[in-house]
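Asks:
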Amino acid sequence: MKQKPEKLKYLRRKNWDPVLQPDLVVYNAVLNACVQSRQWKGVFWVFEQLRKNGLKPNGPSYGLAMEVMLQSGKYELVHEFFGKMKRSGEALKALSYKVLVKSFWEKGRVNEAIQAVREMEQRGVVGSASVYYELACCLCYHGMWKEAFLEMEKLKMLRRTRPLAVTFTGMILSSMDGGHIDGCICIYEHSKKHCEPDIGIIHAMLKVYGKNDMFYKAKELFEWAKTESPGPQLSQDDFSSARRPDAYTYTSMLESSAFSLQWEYFEYVYKEMALAGYLLDQSRHAYLLVEASKAGKVHLLEHAFDAILEVGQIPHPSFFFEILCQATCQHDHERALALIKLMVHVPFQVSKQEWIDLFNSNNERLSRSSLRGLLDVICRQSLGSDTTIVNLCRAL
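So for the sequence shown, full-length UniProt numbering puts the first residue at 1; every next one is plus one.
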């Protein structure tokens, strides 16, 4: 940008130099780019360039610098740039206090986070809902959900860009992350006094119940989400979008069922999920169907396997391994052979040691006779020289 062009067309004045000098807007754009990339050292380069070019940082300059430091985990530098902003005489904005509160939260300095918001109020800075949201979540994380309710009352009086239910969802998840399960339940009950629980709140509570072996609570909430009619303040159209179970709802209930070894209800939820047109995210939750198969629900794994193939995707490797083990231990060599032939076309290979580890980890299910039968079937077939199959034969 600052380099002079080598050639100028239609130049009438020979002494005209069209070199562009970056202004404050350009430097602030550079700071903005540093936020996502977390290039915290770039902030000091920008401020040095501003000084060299005789430019004075403005409020957005300091605010962006604070945001970069927050994203980079340099919390002390967040406070340093906030102090520079105050000393510069620039007007302090609510968003700067939001970043400050978040940095105190990350450092575990909850009292200073509260003090920062009180200072904002004393200075007459009109707070935004996001400031009180961050403080409320900070308090919930540290087990102070009753104090968080007071901040919620202030938040309700401000213009919001998101529904109140979103705020309660964040508070529940923050309390869960802090290990305060009683707080999660208390926040959930409190939220019902202010808004109809939406799918976000339901997801949060299913996660809380699922991680803490509270299956029957999760089941009750899941059934309520499906059948309960909307409240008087919601139309039927609002209900269909605000609380209708989605893929995450079903997956959360599957996790809770698996954690509590409730395999019959697991099957019930899986079938409902399939009827609703959702597929399990195998990149994250393949283990659920594998565990269900080991618990006697192999038909669910078979269904998921076929459904994934139908949409043109490759099933997770663990699906292949589990179905192969099931077919082998049942001496269903035709099914095992069909699966092995299919593995020739998948984009992953299985080493000899991986096959050995698989057989060793399933030695209670796989007898020597069943493995010998599998080897005999493979030897009678002309399966080519695929690496995975060769390694399988060597492992057997």
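Beta carbons are placed, not taken as given, at the ideal position from N, Cα and C, and that holds for glycine. The structure displayed is predicted, hence computed values, not measured ones.
1. Could you pull out every residue in the same chain whose Cβ sits closer than 7 Å to the Cβ of ASP256, ignoring the five residues on either side in sequence?
2. Helix, strand or coil: how does DSSP classify THR167 here?
3. With a threshold of 7 Å on Cβ separation, who are the neighbours of VAL298 within its own chain once the five nearest residues in sequence on each side are excluded?
4. If you draw a straight line from the alpha carbon of residue 397 to that of PHE305, how long is it in whole angstroms?
5. Which same chain residues, not among the five before or five after HIS331, have their C-beta less than 7 Å away from its C-beta?
6. In angstroms with no decimal places, state the Cα-to-Cα distance between LEU358 and ARG118.
7. Looking only at its chain, what residues have a beta carbon closer than 6 Å to the beta carbon of GLN262, apart from the 5 residues adjacent to it on each side?
8. Within 10 angstroms of the Cβ of MET152, are there 16 or more other Cβ atoms? Answer buried if so, exposed if not.
9. Just mark residue 462 as buried or exposed, buried being the case when its beta carbon has 16 or more other beta carbons within 10 Å.
10. Determine whether the Cβ of LYS146 lies closer than 8 Å to any Cβ atom of chain B.
11. I'd like to check one pair, SER252 with HIS203: are the Cβ atoms closer than 8 Å?
12. Check the C-beta distance from PRO317 over to PHE348 and give it rounded, since I have them as a contact under 8 Å.
13. So, using beta-carbon positions, are ALA116 and TRP105 closer together than 8 Å?
14. Kindly indicate which three-state DSSP category ARG244 falls into: helix, strand or coil?
15. Give the C-beta separation of ALA307 and LEU279 to the nearest angstrom, bearing in mind that I take them to be a contact with Cβ-Cβ under 8 Å.
16. Rounding to the nearest angstrom, what Cα-Cα distance links ILE136 and VAL101 in this structure?
17. Whole-angstrom Cβ separation of ALA65 and VAL43, contact assumed at under 8 Å?
18. Could you check how far apart the C-beta atoms of VAL68 and VAL35 are, in whole angstroms? I think they sit under 8 Å.
19. Contact defined as beta carbons within less than 8 Å: I believe VAL131 pairs with LYS98. What is the distance between those atoms, to the nearest angstrom?
20. Can you give me the C-alpha to C-alpha distance between GLU121 and THR167, rounded to a whole angstrom?
21. Which class does PRO317 belong to by DSSP, given the choice of helix, strand or coil?
22. Less than 8 Å between the beta carbons of GLY183 and TRP145, yes or no?
23. I need the straight-line Cα distance from LEU254 to ASP213, nearest angstrom please.
24. Can you tell me where the alpha helix (DSSP H) holding PRO60 begins and where it ends?
25. Using only the alpha-carbon positions, how far apart do LEU139 and VAL110 sit?
26. Just to confirm the assignment, what range does the alpha helix (DSSP H) spanning GLY42 have?
27. Let me know the secondary structure DSSP gives LEU366 once reduced to three states.
28. Would you tell me roughly how many angstroms separate the C-alpha atoms of PRO57 and LEU77, rounded to the nearest one?
29. Determine the DSSP secondary structure at GLY183, reduced to helix, strand or coil.
30. Give the secondary structure of TYR278 by DSSP, where H, G and I count as helix, E and B as strand, and everything else as coil.
31. Pick from PRO245, LYS156 and LEU366: whose alpha carbon is nearest that of VAL269?
32. Pick from ARG243, HIS303, SER293 and LEU337: whose alpha carbon is nearest that of GLU264?
33. What's the C-alpha gap between ASP386 and CYS393?
34. How far does the alpha helix (DSSP H) with ALA116 in it extend, from its first residue to its last?
35. Taking all protein chains shown into account, do 16 or more other C-beta atoms lie within 10 angstroms of the C-beta of residue 405, making it buried, or fewer, making it exposed?
36. Output needed for CYS195: all residues of its chain with C-beta closer than 8 Å, excluding positions within five of it in sequence on either side, in chain order.
Replies: Straight from the coordinates:
1. Residue identity check: residue 256 is Ser in the sequence provided, not Asp. The residues LEU206, TYR209, GLY210, PHE215 and ALA218, in chain order, have a CB closer than 7 Å to that of SER256 in the same chain once the five nearest residues on each side in sequence are set aside.
2. In the three-state reduction of the DSSP assignment, THR167 falls in the helix class.
3. For VAL298, where only same-chain residues beyond five positions count, the Cβ hits under 7 Å are GLN326.
4. Because the chain here runs from 1 to 396, residue 397 falls outside it and cannot be looked at.
5. Same-chain partners within the cutoff: SER370 and GLY373.
6. For the pair LEU358 and ARG118, the Cα-to-Cα distance works out to about 60 Å.
7. PHE215.
8. So MET152 counts as buried.
9. Given a span of 1 to 396 for the chain in the structure shown, any question on residue 462 remains unanswerable.
10. Of the protein chains in the structure, only one exists, and it is not chain B.
11. Annotated as proximal: HIS203 and SER252, with beta-carbon spacing under 8 Å.
12. Between PHE348 and PRO317 the Cβ distance is about 6 Å, and since that is below 8 Å, they are a contact.
13. With respect to the 8 Å criterion, ALA116 and TRP105 are not classified as neighbours on the basis of their beta carbons.
14. Here ARG244 sits in coil by DSSP.
15. About 6 Å separates the two Cβ atoms, so the contact holds.
16. The amino acid at residue 136 is misidentified as Ile; the sequence shows Ala. Our two residues, ALA136 and VAL101, have alpha carbons roughly 10 Å apart in a direct line.
17. Their Cβ separation, rounded to whole angstroms, is 5 Å, which keeps ALA65 and VAL43 in contact under 8 Å.
18. Going by Cβ atoms, the distance from VAL68 to VAL35 rounds to 5 Å, so yes, they are a contact pair.
19. Under the criterion of beta carbons closer than 8 Å, VAL131 and LYS98 qualify as touching, at roughly 5 Å.
20. One alpha carbon belongs to GLU121, the other to THR167, and they sit about 21 Å apart.
21. Annotated three-state conformation of PRO317 is helix, per DSSP.
22. Contact: yes.
23. Distance between LEU254 and ASP213, taken at the CA atoms: about 13 Å.
24. The continuous alpha helix (DSSP H) containing PRO60 extends over residues 59-71.
25. Going by the C-alpha atoms only, they are around 7 Å apart.
26. GLY42 -> alpha helix (DSSP H) spans 40-52.
27. Here LEU366 sits in coil by DSSP.
28. Going by the C-alpha atoms only, they are around 16 Å apart.
29. Secondary structure at GLY183: helix, using DSSP grouped into helix, strand and coil.
30. Three-state result, TYR278: coil.
31. Checked all of PRO245, LYS156 and LEU366; the closest Cα to VAL269 is PRO245.
32. In terms of Cα proximity to GLU264, the closest of ARG243, HIS303, SER293 and LEU337 is SER293.
33. So the alpha carbons of these two residues sit roughly 11 Å apart.
34. Taken as a continuous stretch (DSSP letters only), the alpha helix (DSSP H) holding ALA116 covers 110-122.
35. Outside the displayed range of the chain (1 to 396) lies residue 405, so it cannot be described from this structure.
36. Around CYS195: PRO163, LEU164, ALA165 and PHE168.
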